[in-house]
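Have a look at the structure below, then the notes.
Protein chains: 2
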Amino acid sequence: MKPNDLPSSPSTPATASPWTLARRAERMNPSVIRELLKLTERPGIISFAGGLPSPDTFPIEAMREACDRVLLEDGRSALQYAASEGYGPLREWVAASLPWAVDPAQVLITTGSQQGLDLVAKVLIDSGSRVLVETPTYLGALQAFAPMEPQIEGVASDTGGVDVDALLQQLGAGDDQPESMERRRLLTLDLDPVSSPAAAPRFLYVLPNFQNPTGRSMGLARRQALVDAAARVGLPLVEDNPYGDLWFDQPPPAPLTALNPEGCIYLGSFSKILAPGLRLGFMVAPAGIYPKLLQAKQAADLHSPSFNQRVVAEVLKDGFLDRHVPTIRALYKRQCQAMLAALRTEMAGLDVQWNEPDGGMFLWVRLPEGMNATELLPKAVEHGVAFVPGSAFYADHADPRTLRLSFVTATVEQMGVGIAALARAIREQHTA
Amino acid sequence: MKPNDLPSSPSTPATASPWTLARRAERMNPSVIRELLKLTERPGIISFAGGLPSPDTFPIEAMREACDRVLLEDGRSALQYAASEGYGPLREWVAASLPWAVDPAQVLITTGSQQGLDLVAKVLIDSGSRVLVETPTYLGALQAFAPMEPQIEGVASDTGGVDVDALLQQLGAGDDQPESMERRRLLTLDLDPVSSPAAAPRFLYVLPNFQNPTGRSMGLARRQALVDAAARVGLPLVEDNPYGDLWFDQPPPAPLTALNPEGCIYLGSFSKILAPGLRLGFMVAPAGIYPKLLQAKQAADLHSPSFNQRVVAEVLKDGFLDRHVPTIRALYKRQCQAMLAALRTEMAGLDVQWNEPDGGMFLWVRLPEGMNATELLPKAVEHGVAFVPGSAFYADHADPRTLRLSFVTATVEQMGVGIAALARAIREQHTA
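This is the structure we're talking about:
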């Protein structure tokens, strides 16, 4: 039977929609990046836009062998329902791989680390809760938090990450009043969960290693200062570390979570060191909140694919990453250096600024005064190159001159051509 | 650095927890079934508790071939990030497989159909919204809806599913006042989303085929009556159909969604016809709300694993299910018949009632007057058999005499032994 065979009465015209959306649906928006990707995936466009890992780094052969072995030896379990916490040996591997003492019982396997952000939002954010993020910050985190209707505030940040003094000022907990946040937090515990703007933030979301979008990293002193300040004022930290293994010359300092495990949730991912198409990540959470994150996980998708978890555990055996990840680091370092060299050559004479990351996938560009990266994009695409305008990455007070360049999708050979095209677009737009 | 090296001041004792949970976290609870499974997975226990498909039905060889082919021929795409909507050929397969005209653009691939429930909850439920469910209903749906803080109400149901007259009465829209619901809905549009109890429900969640937990199905007349009534009063339907393909002798009538696609969201799953460990399901939604469901999906986990989607699309090619699913049907029919035969033999003389499903994975048992299935369970486990007490499946007014038996996990050979053990436990408890 077709819909128009449905009996309709004058009181229910066929065009009336019965659906009422939840208020939070207003906060949901299509990802600027994913929409852009559709635009820029046209043949002939060199894309510095998406954060797609180079498929040259995907361990296809190791995956083939692991799939075969898992299905042959353990197919009936690999294809069955499984525990929401994740596959035991994979949780143990994660715990052992981290540079602080982690009990595998605190590890939750997630469907990509994006799901970790969704679970954090569900368990920690009420409508109206304050949530703090870096300036700028990862767009996908803003998207994951938004449906739980927080008040998201950017924290002043510089090339070394979160500005800790500014953070304390923002919290009303400057040097002269170190206890005020904690006191305020205690005072608000019995209030309506729809917090007033002055209530204690539920957490600060921070990406200390080769941040998306800027590529910047936090040094050890800054990390220690942030963790100390957060502990002093009772501010939980949500630390996201998808890129930490992608260092060029030396590994980054210890994670924030290693400095205070009880005050931090840590998110990790297999997307950048194995492959994103497996959708596997993990979180490490303090024992006090792990059960609620687990229950949220169970309600969200029961468990992450048991097959994928076993295949990854199989691939990881025998120190595979010790051989594999250095090849990714070397490739991305070459690509980053090629992009930087091209920037130096092609942007000569233009007042364009950029940083030189020590790892990761991105660098951050600032256009000459008066220019707007969003307006530049169509012109750049005309010239055959794409990027992501920076404004998408700000919780508030976006800097319209900024843009993000990914150096992992395009090849070394494409860097010169792509950056030259970008420079031409900037020159044209600048003089227009 | 170890956590106890963290500088601590008198104002922040090491025991103070900085974490504040969202109000919705109070609504999250561990799944009774998943906790039970841990208890009942002891060796020697015959489990009628979990809804684990028989691993004998998992297409391990077809999976091995498909994994190999996908990785060899398409590994770089299969392991890369992908569109949130899902893999094109899989969406096309889903659209073509459904018995009404479905545009592939309306198909969203989900990380198991459980994720479909999570997305529905996020997009349609405000705090305080009324949501209607069958009596009893799928426990996982109650868990998925609860975090969005609805008022969940059970709708009177009988062996043929939702009682449509009772539904209309509950909505204040009996035969004499067919327009009142629609009018009330319009009147409440501008009100605070924390709805009053009399506001229009956001949807009715219904599982028409071989329902979990009862195994009951809705006949065509009942389906038509429900769809007509829902359309008349402007009540959206969320139709869940994980078991529809598992019929014994004849396929069930058309889905509710086929009778009114614009008024229904349809959820499907590959868990019962291929394997649950892949965590792949799908939803079909009207064009008016699809974009919001897609945005919620994107924020939740970016996309379902591209590798799994391609492997499943590869397995499904060339009519694989036409050969494979009949073997599942035949197996489950044999197992169901063995359980029913054992029930007739072993429950003789006891006032125990049960239904005889036409497909699916479950049947529903009612104990003699005065008995309580939750209290019976430890006794049953002592005797070496497990089930799920029915009370977990009710939104309200649970019937403590009910319990769910799964006939798909235990073998035909185990049915007699397991049901005999259950009968002994009932006799002991009954006379205790």
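So the protein sequences, as listed, match chains C and Y.
No gaps in the numbering here: position 301 of the first sequence is 301 in the numbering used here, and each next residue is one more.
Just remember that the numbering used here sits 432 ahead of the position in the second sequence, which is counted from 1.
Ideal placement from N, C-alpha and C gives every residue a C-beta, glycine not left out.
If one requires a minimum length of 4 residues, the alpha helix (DSSP H) runs lying completely within the region 70 to 129 of chain C are 88 to 97 and 112 to 124, in chain order. Between Y:V565 and Y:Y519 the beta-carbon gap is near 32 Å, outside 8 Å, which marks them as no contact. For Y:D500, the residues of chain C that pass the 8 Å Cβ criterion are R64, C67 and D68, in the order they occur in the chain. Membership of Y:F794 in the beta strand (DSSP E) is indicated by the continuous run F794 to R798. A distance below 8 Å separates the beta carbons of Y:L522 and Y:I541. When the five nearest sequence neighbours on each side are left out, the beta carbons in the same chain lying within less than 8 Å of the beta carbon of C:A313 are those of Y87, P89, L90 and W93, in order along the chain. As computed with DSSP, C:L403 is found in a beta bridge with C:V365 and C:P389. With a threshold of 8 Å between beta carbons, Y:A657 makes no contact with chain C. The contact set of C:S406 on chain Y, defined by CB atoms closer than 9 Å, is empty, because the minimum CB distance reaches about 12 Å. The Cβ neighbour count for C:L220, taken over all protein chains shown within 10 Å, is under 16; the residue is labelled exposed.
For Y:E458, there is no enclosing alpha helix (DSSP H), as DSSP gives it neither H nor E. Excluding five sequence positions before and after Y:G791, the CB atoms of its chain that fall closer than 6 Å to its own CB belong to F642, L678, W679 and F680, given in chain order. For the pair Y:V587 and Y:Q602, the CB atoms are nearer than the 8 Å cut-off. Taking C:G384 as reference, the option from C:S217, C:I426 and C:G116 with the minimal CA-CA separation is C:I426. Taking 8 Å as the threshold, the shortest C-beta distance from C:Y81 to chain Y falls below it.
Rounded to whole angstroms, C:R424 and C:L331 show a C-alpha spacing of 27 Å. Annotation for C:E428: no beta strand (DSSP E) segment contains it, though the alpha helix (DSSP H) segment containing it runs V412 to T431. With the criterion set as a beta carbon lying under 9 Å from some beta carbon of chain Y, the members of the region 102 to 128 of chain C are T110, T111, G112, Q114, Q115, L117, D118, A121, K122, V123, L124, I125, D126 and S127, in sequence order.
Distance check between Y:P475 and each of Y:L775, Y:A842, Y:I851 and Y:W532 places Y:A842 closest, using alpha-carbon atoms only. In the DSSP annotation of this structure, the continuous segment of the alpha helix (DSSP H) that includes Y:V747 starts and ends at S738 to L748.
Taking 8 Å as the CB threshold, Y:L748 stays off the interface with chain C. Among the residues facing chain Y, C:A25 is included, as its CB has a counterpart in that chain under 8 Å away. Scanning chain C for C-beta atoms nearer than 7 Å to the C-beta of Y:N673 yields nothing, as the closest lies near 17 Å away. The C-beta distance from C:V102 to C:V284 rounds to 6 Å, short enough to meet the 8 Å contact threshold. In the assembly as shown, C:E375 is an exposed residue. Its beta-carbon has fewer than 16 other beta-carbons within 10 Å. Taking the beta carbon of C:F393 as reference, no residue of chain Y falls within 8 Å; the closest one sits roughly 15 Å away. Under the rule that a run must span 4 or more residues, the alpha helix (DSSP H) segments found entirely inside the region 273 to 355 of chain C read 290 to 301, 306 to 316 and 320 to 346.
Closer than 8 Å to the CB of Y:R711 there is at least one CB belonging to chain C.
With respect to the C-alpha of C:N355, the residue from C:R334, C:A395 and C:L403 having the closest C-alpha is C:L403.
Listed along chain C is no residue with a C-beta nearer than 9 Å to that of Y:P685; the closest approach is about 11 Å. The C-beta separation of C:S84 from C:L294 comes to about 6 Å, placing the pair in contact by the 8 Å criterion. Cβ-Cβ separation between C:L363 and C:L405: approximately 5 Å, consistent with a contact (criterion under 8 Å). Taking one beta carbon from each stretch, the region 754 to 774 of chain Y and the region 548 to 557 of chain Y have fewer than 3 pairs nearer than 8 Å; the two do not touch. The residue from Y:E814, Y:K554, Y:A686 and Y:G822 with its alpha-carbon nearest to that of Y:G850 is Y:E814.
For Y:M460, the nearest beta carbon of chain C is closer than 8 Å to its own beta carbon.
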